[in-house]
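Colleague:
Number of protein chains: 2
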Amino acid sequence: MFEFLIQAESGHARAGIFSTAHGNLETPLFAPVGTQASVKTLTPEQVMSAGASLVLSNTYHLYLRPGDELIHDLGGLHHFMQWPKPLLTDSGGFQVYSLASTRQIDDDGVTFRSHIDGSLHRFTPEKSIAIQENLGADIIMAFDECSDPNEPAYSRIAMDRTHRWLERCLRCKTRADQALFGIVQGGVQSELRIASARFITSLDTPGVAIGGLSVGETKAEMHATLDLITPMLPKNKPRYLMGVGTPEDLVEGVRRGIDVFDCVLPTRLARHHSAFSPEGRLNLMNASHARDERPIDASCDCYTCLTFSRAYLRHLIASGEYLAGSLLSIHNIRSLTRLMGEMRAAIVANTFEARVPEWLAHWDGNAARIQTIQMKN
Amino acid sequence: MFEFLIQAESGHARAGIFSTAHGNLETPLFAPVGTQASVKTLTPEQVMSAGASLVLSNTYHLYLRPGDELIHDLGGLHHFMQWPKPLLTDSGGFQVYSLASTRQIDDDGVTFRSHIDGSLHRFTPEKSIAIQENLGADIIMAFDECSDPNEPAYSRIAMDRTHRWLERCLRCKTRADQALFGIVQGGVQSELRIASARFITSLDTPGVAIGGLSVGETKAEMHATLDLITPMLPKNKPRYLMGVGTPEDLVEGVRRGIDVFDCVLPTRLARHHSAFSPEGRLNLMNASHARDERPIDASCDCYTCLTFSRAYLRHLIASGEYLAGSLLSIHNIRSLTRLMGEMRAAIVANTFEARVPEWLAHWDGNAARIQTIQMKN
Numbered sequence: 000m001f002e003f004l005i006q007a008e009s010g011h012a013r014a015g016i017f018s019t020a021h022g023n024l025e026t027p028l029f030a031p032v033g034t035q036a037s038v039k040t041l042t043p044e045q046v047m048s049a050g051a052s053l054v055l056s057n058t059y060h061l062y063l064r065p066g067d068e069l070i071h072d073l074g075g076l077h078h079f080m081q082w083p084k085p086l087l088t089d090s091g092g093f094q095v096y097s098l099a100s101t102r103q104i105d106d107d108g109v110t111f112r113s114h115i116d117g118s119l120h121r122f123t124p125e126k127s128i129a130i131q132e133n134l135g136a137d138i139i140m141a142f143d144e145c146s147d148p149n150e151p152a153y154s155r156i157a158m159d160r161t162h163r164w165l166e167r168c169l170r171c172k173t174r175a176d177q178a179l180f181g182i183v184q185g186g187v188q189s190e191l192r193i194a195s196a197r198f199i200t201s202l203d204t205p206g207v208a209i210g211g212l213s214v215g216e217t218k219a220e221m222h223a224t225l226d227l228i229t230p231m232l233p234k235n236k237p238r239y240l241m242g243v244g245t246p247e248d249l250v251e252g253v254r255r256g257i258d259v260f261d262c263v264l265p266t267r268l269a270r271h272h273s274a275f276s277p278e279g280r281l282n283l284m285n286a287s288h289a290r291d292e293r294p295i296d297a298s299c300d301c302y303t304c305l306t307f308s309r310a311y312l313r314h315l316i317a318s319g320e321y322l323a324g325s326l327l328s329i330h331n332i333r334s335l336t337r338l339m340g341e342m343r344a345a346i347v348a349n350t351f352e353a354r355v356p357e358w359l360a361h362w363d364g365n366a367a368r369i370q371t372i373q374m375k376n
Numbered sequence: 000m001f002e003f004l005i006q007a008e009s010g011h012a013r014a015g016i017f018s019t020a021h022g023n024l025e026t027p028l029f030a031p032v033g034t035q036a037s038v039k040t041l042t043p044e045q046v047m048s049a050g051a052s053l054v055l056s057n058t059y060h061l062y063l064r065p066g067d068e069l070i071h072d073l074g075g076l077h078h079f080m081q082w083p084k085p086l087l088t089d090s091g092g093f094q095v096y097s098l099a100s101t102r103q104i105d106d107d108g109v110t111f112r113s114h115i116d117g118s119l120h121r122f123t124p125e126k127s128i129a130i131q132e133n134l135g136a137d138i139i140m141a142f143d144e145c146s147d148p149n150e151p152a153y154s155r156i157a158m159d160r161t162h163r164w165l166e167r168c169l170r171c172k173t174r175a176d177q178a179l180f181g182i183v184q185g186g187v188q189s190e191l192r193i194a195s196a197r198f199i200t201s202l203d204t205p206g207v208a209i210g211g212l213s214v215g216e217t218k219a220e221m222h223a224t225l226d227l228i229t230p231m232l233p234k235n236k237p238r239y240l241m242g243v244g245t246p247e248d249l250v251e252g253v254r255r256g257i258d259v260f261d262c263v264l265p266t267r268l269a270r271h272h273s274a275f276s277p278e279g280r281l282n283l284m285n286a287s288h289a290r291d292e293r294p295i296d297a298s299c300d301c302y303t304c305l306t307f308s309r310a311y312l313r314h315l316i317a318s319g320e321y322l323a324g325s326l327l328s329i330h331n332i333r334s335l336t337r338l339m340g341e342m343r344a345a346i347v348a349n350t351f352e353a354r355v356p357e358w359l360a361h362w363d364g365n366a367a368r369i370q371t372i373q374m375k376n
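Chains as they are written, first to last, in numbering that gives the first Met the number 0: chain Z, 0 to 376; chain V, 0 to 376.
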């Protein structure tokens, strides 16, 4: 289990297969987010038909509601939400920092108040692993501290804590069917990122995640950080860039050797009437779509594009019909899984780099306003 | 076209096939409501997999938004909403009375203000037919006036108008591929209902609807009215009881010779966390379901019951996930289409009356609070 087989490489980009207890994952891949054990507005059937193979769910949310012990008692998260393919849970760290109403971080863990009812809770590395073991995802994440890229002085403290906490996560972990990924932190400071990549790699986790990106730094900083880290990471393990992103980010990530991505963007945009398209991000509420018989994207093979006109989608949105959110979510997720499939095929054909300009041009104009959306969930 | 073939009878109940331009309808049938060209929260695929063969959409809503001419220009309602099977549109009459903010009725028509933006509009029988011809449903309804059962003195005026308006609808109708149904009105007064059934029947429309029921009268009054009217209606034409209903109402209607029903109830209940079940109507938000691993109804073959536990549905509702509304809508619609299928099979087997007590017992406790819900949309 957790074997990562690299089938092909093209430049730094890799096409791989990661084996989990719930089947093989073909990489590079994009995972939609099912925060509360549901990819918002979609049935598991719809998520699957949109091309998703891996779904991310949030430890912080599920711990608070309905409770990880309840999910454990009912057979685990796969059974609870009826997602038969691989699942990934985050550690709760990032959510605690960004969502909980008050939080106090110390070297042992984090005390915080629930955003739901204000009740007091504490997460430690041991607690995060215990929750994630109750949930039972195939890939689980080390409890980490994500620092603000604009507070460089704090980045070392957060990085050191992240390293100590990973050691504790590895010590307390009991399930053999879950792959625990360590997380490289260190803000946007080269020396910290190098130190963190070296340390995390030394602990030999079955996969390595890169955290603390797409949280307010510039695109150039993100790319520079990836350029710096990925050559240091072991080739035979999947690399997961957390919370990313836009079509452009996916291309730039795969190009630098990233294998796994997740982001709330496709489903969040959908609920705000926006769709990825080769014309740039479309707001389907716009009156210009009222009589437009075309699909969102004539090149897309998703249920929404094969079935409905922009005019109909615009009508649903104008009329307040929730179906619009479902149909746009299907399209947005499919746009990213399709892009991943195209990139994978190009890696296998060893034509990846030659096609990068085409992808970047095709998806140009779909990246705006990503930074602010990323932080929420 | 519009042939109604009766395949079997059992008591007053009939199993028939009604031919339309978009295929045959097996009766008795229950039609879910897609008010704004969408059965709320469901894709056409999901509506079909829930067993629906006919969908009702509302003339008043579609006229106001996105506009019947727009739908006509984009290829008609079937194409617009991508529902390939038969469609039925109401006349807008009932909606104008119950939704428009102000309305003045005269012998020629109704002037009203839009519930959306307060703009002034006028419906006449000719206008209602013109809109319905633009929409292009297979079954269209005569413009009628539905009177309050508690205002008997007014019932005759409304009935007489309904009769004159049907004559005008028949005169102005131009499309041969749409079956225009007349509507029997007359409140709960026997002599009016008899006069109305006689008049509507005399105009030889391809189907006859019964309006003005399930709008505030008692169950006994509804049943008495059906007992009075249905024997007067031509056997070889489908009979449509508008805006009904609950599982019990469907059994009592089929038992009295009704072939077609529609109601917002299954989808409206779903959005309020309620599900039809043999235990009576369930509120899935109830804490008693938090750890319940059973489906809503172990005897149900819908996607929701075959896939998800009550505990998961309860979690989705508690967490504000819209997926709950979709999953409960699938179940509630399927409950009614399945009941219809069971009744149809029993009619063919000529065991209908013997099974009535079983159905009424099975669905006992699912009828509460129907009257108030019916009136809205």
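C-beta: ideal position from N, C-alpha, C; glycine also.
Distance check for F260(V) and R238(Z), CA to CA, integer angstroms please.
Modeller: As a first step, residue 238(Z) is located in the first sequence; it is residue number 239 there, counting from the start. As a first step, residue 260(V) is located in the second sequence; it is residue number 261 there, counting from the start. Those two C-alpha atoms are separated by around 56 Å.
Colleague: Run through the DSSP bridge pairs and tell me what E25(V) is partnered with.
Modeller: One-based indexing of the second sequence puts residue 25(V) at position 26. Answer is I16(V).
Colleague: Can you give the Cα-Cα distance for D147(V) and R155(V), rounded to whole angstroms?
Modeller: Within the second sequence, the letter at position 148 stands for residue 147(V). Within the second sequence, the letter at position 156 stands for residue 155(V). One C-alpha to the other measures close to 11 Å.
Colleague: Taking 8 Å as the threshold (C-beta atoms), are T40(Z) and G324(Z) in contact?
Modeller: The residue you call residue 324(Z) lines up with position 325 of the first sequence. The residue you call residue 40(Z) lines up with position 41 of the first sequence. Their beta carbons are under 8 Å apart, which means G324(Z) touches T40(Z) by this criterion.
Colleague: Since I5(V) sits in a beta bridge, which residues does DSSP pair it with?
Modeller: The sequence position of residue 5(V) within the second sequence is 6, counting from 1. According to DSSP, I5(V) bridges with G15(V).
Colleague: Which whole runs of the alpha helix (DSSP H) in the stretch 143-171 of chain V are 4 residues long or more, in chain order?
Modeller: Counting only runs of 4 or more, we get 151-171.
Colleague: Just tell me which of S90(V), G108(V), D137(V) has its CA closest to the CA of K84(V).
Modeller: Translated into positions along the second sequence, residue 84(V) becomes position 85. Here the closest residue by C-alpha is D137(V).
Colleague: Can you find a C-beta in chain V that's less than 8 Å from the C-beta of L169(Z)?
Modeller: Start at 1 with the first residue of the first sequence, and residue 169(Z) comes out as number 170. Output row for L169(Z): interface = no.
Colleague: Which partner residues of P31(V) appear in the DSSP bridge assignment?
Modeller: The sequence position of residue 31(V) within the second sequence is 32, counting from 1. DSSP lists C262(V) as partners of P31(V).
Colleague: In terms of residue numbering, what span does the beta strand (DSSP E) encompassing M140(Z) cover?
Modeller: As a working mapping, residue 140(Z) is identified with position 141 in the first sequence. Counting along the chain, the beta strand (DSSP E) containing M140(Z) begins and ends at 138-140.
Colleague: Comparing the C-beta of Q35(Z) with each C-beta of chain V, is any distance below 8 Å?
Modeller: As a position in the first sequence, residue 35(Z) is number 36, starting the count at 1. At least one chain V Cβ lies under 8 Å of Q35(Z).
Colleague: Does the beta-carbon of M342(Z) have 16 or more other beta-carbons within 10 angstroms, so that it is buried, or is it exposed?
Modeller: On the first sequence, position 343 is the one that residue 342(Z) refers to. Classification of M342(Z): buried, given that the 10 Å Cβ count is 16 or more.
Colleague: From what residue to what residue does the alpha helix (DSSP H) around F351(Z) run?
Modeller: Residue mapping note: residue 351(Z) aligns to position 352 of the first sequence, counting from 1. Start and end: 351-361.
Colleague: Taking Cβ-Cβ distances shorter than 8 Å, what residues in chain Z pair up with R290(V)?
Modeller: For this step, residue 290(V) is matched to residue 291 along the second sequence. Near R290(V) (Cβ distances below 8 Å), the residues of chain Z are L69, D72, L73.
Colleague: Distance check for G206(Z) and H162(Z), CA to CA, integer angstroms please.
Modeller: Numbered from its first residue, the first sequence carries residue 162(Z) at position 163. Numbered from its first residue, the first sequence carries residue 206(Z) at position 207. Cα to Cα, H162(Z) sits roughly 15 Å from G206(Z).
Colleague: Taking one C-beta from the stretch 208-216 of chain V and one from the stretch 288-307 of chain V each time, how about it: are there three or more such pairs within less than 8 Å?
Modeller: Result no; under three Cβ-Cβ pairs closer than 8 Å.
Colleague: What are the residues that DSSP puts in a beta bridge with R102(Z)?
Modeller: Position 103 of the first sequence holds residue 102(Z). According to DSSP, R102(Z) bridges with F111(Z).
Colleague: Would you say the stretch 63-71 of chain Z touches the stretch 289-297 of chain Z, given that touching needs at least three Cβ pairs under 8 Å?
Modeller: Touching, no.
Colleague: Classify K429(V) as buried or exposed, calling it buried when 16 or more other Cβ atoms lie within 10 Å of its own Cβ.
Modeller: No statement about residue 429(V) is possible, as the shown extent of chain V runs from 0 to 376 and does not include it.
Colleague: So K84(V) contacts chain Z; which residues on that side make the cut at Cβ distance below 9 Å?
Modeller: On the second sequence, residue 84(V) is found 85 positions in, with the first residue counted as 1. Here the premise fails: no neighbours, minimum Cβ distance about 15 Å.
Colleague: On a Cα-Cα basis, can you pick out the residue from I104(Z), M140(Z), R267(Z), E247(Z) that is closest to L359(Z)?
Modeller: Position 360 of the first sequence, counted from the start, is the residue given in the question as residue 359(Z). For the residues I104(Z), M140(Z), R267(Z), E247(Z), the minimum Cα distance to L359(Z) belongs to E247(Z).
Colleague: Can you name, in chain order, every residue of its own chain whose Cβ lies under 6 Å from the Cβ of C171(V), other than the five neighbours on each side?
Modeller: Locating residue 171(V) in the second sequence gives position 172, counting from the first residue. E125, I128.
Colleague: Kindly list, in the order they appear in chain V, the residues whose Cβ is closer than 7 Å to that of A51(Z).
Modeller: Along the first sequence, read from residue 1 onward, the residue named residue 51(Z) stands at position 52. The premise fails here: A51(Z) is roughly 15 Å from chain V at the closest Cβ pair, so nothing lies under 7 Å.
Colleague: Does the Cβ-Cβ distance between A141(V) and L179(V) come in under 8 Å?
Modeller: Position 142 of the second sequence, counting from 1, holds the residue named residue 141(V). Position 180 of the second sequence, counting from 1, holds the residue named residue 179(V). In contact: A141(V) and L179(V) (Cβ atoms closer than 8 Å).
Colleague: Counting only beta-carbon separations shorter than 8 Å, does S318(Z) have a partner in chain V?
Modeller: Within the first sequence, the letter at position 319 stands for residue 318(Z). Yes, S318(Z) counts as interfacial toward chain V.
Colleague: Helix, strand or coil: how does DSSP classify A129(Z) here?
Modeller: Along the first sequence, one-based indexing puts residue 129(Z) at 130. Here A129(Z) sits in helix by DSSP.
Colleague: Taking the alpha carbon of A289(Z) as the point to measure from, which residue in A317(Z), T224(Z), H330(Z), L322(Z) has its own alpha carbon closest?
Modeller: Residue numbering aside, residue 289(Z) sits at position 290 when the first sequence is read from its first letter. Comparing Cα positions, the closest option is A317(Z).
Colleague: Is the separation between the beta-carbon of A30(V) and that of L55(V) shorter than 8 Å?
Modeller: If you number the second sequence from 1, residue 30(V) lands on position 31. If you number the second sequence from 1, residue 55(V) lands on position 56. Yes; because the gap between Cβ atoms is below 8 Å, this pair is in contact.
Colleague: I'd like to check one pair, G210(Z) with V183(Z): are the Cβ atoms closer than 8 Å?
Modeller: Translated into positions along the first sequence, residue 183(Z) becomes position 184. Translated into positions along the first sequence, residue 210(Z) becomes position 211. Yes, the Cβ-Cβ distance between V183(Z) and G210(Z) is below 8 Å.
Colleague: Got a sec: is the Cβ-Cβ distance from H314(V) to anything in chain Z below 8 Å?
Modeller: Against the second sequence, residue 314(V) aligns to sequence position 315. Closer than 8 Å: yes.
Colleague: Within 10 Å of its beta-carbon, does G15(Z) have 16 or more other beta-carbons around it, so buried, or fewer, so exposed?
Modeller: On the first sequence, position 16 is the one that residue 15(Z) refers to. By the 10 Å Cβ count, G15(Z) comes out buried.
Colleague: Could you confirm whether any beta carbon from chain B is found closer than 8 Å to the beta carbon of Y62(V)?
Modeller: This model lacks chain B altogether, as its protein chains are Z and V.
Colleague: Tell me which residues share the same chain as K375(Z) and place their Cβ nearer than 8 Å to its Cβ, disregarding the 5 neighbours each side in the sequence.
Modeller: Taking the first sequence and counting its residues from 1, one reaches residue 375(Z) at position 376. Unreliable positioning characterises K375(Z) in this predicted model, as indicated by a pLDDT of 39, which lies under 50. A coordinate reading is not provided.
Colleague: State yes or no: is the beta carbon of P65(Z) nearer than 8 Å to at least one beta carbon in chain V?
Modeller: Position 66 of the first sequence, counted from the start, is the residue given in the question as residue 65(Z). P65(Z) counts as touching chain V.
Colleague: On the premise that P265(V) lies in contact with N331(V), defined as a C-beta separation below 8 Å, what is that separation, rounded to the nearest angstrom?
Modeller: For the purposes of this step, residue 331(V) is taken as the residue at position 332 of the second sequence. For the purposes of this step, residue 265(V) is taken as the residue at position 266 of the second sequence. Indeed, because the Cβ distance is near 3 Å, the residues count as touching under 8 Å.
Colleague: Taking Cβ-Cβ distances shorter than 8 Å, what residues in chain Z pair up with S308(V)?
Modeller: On the second sequence, residue 308(V) is found 309 positions in, with the first residue counted as 1. Per Cβ cutoff of 8 Å: L73, F79.
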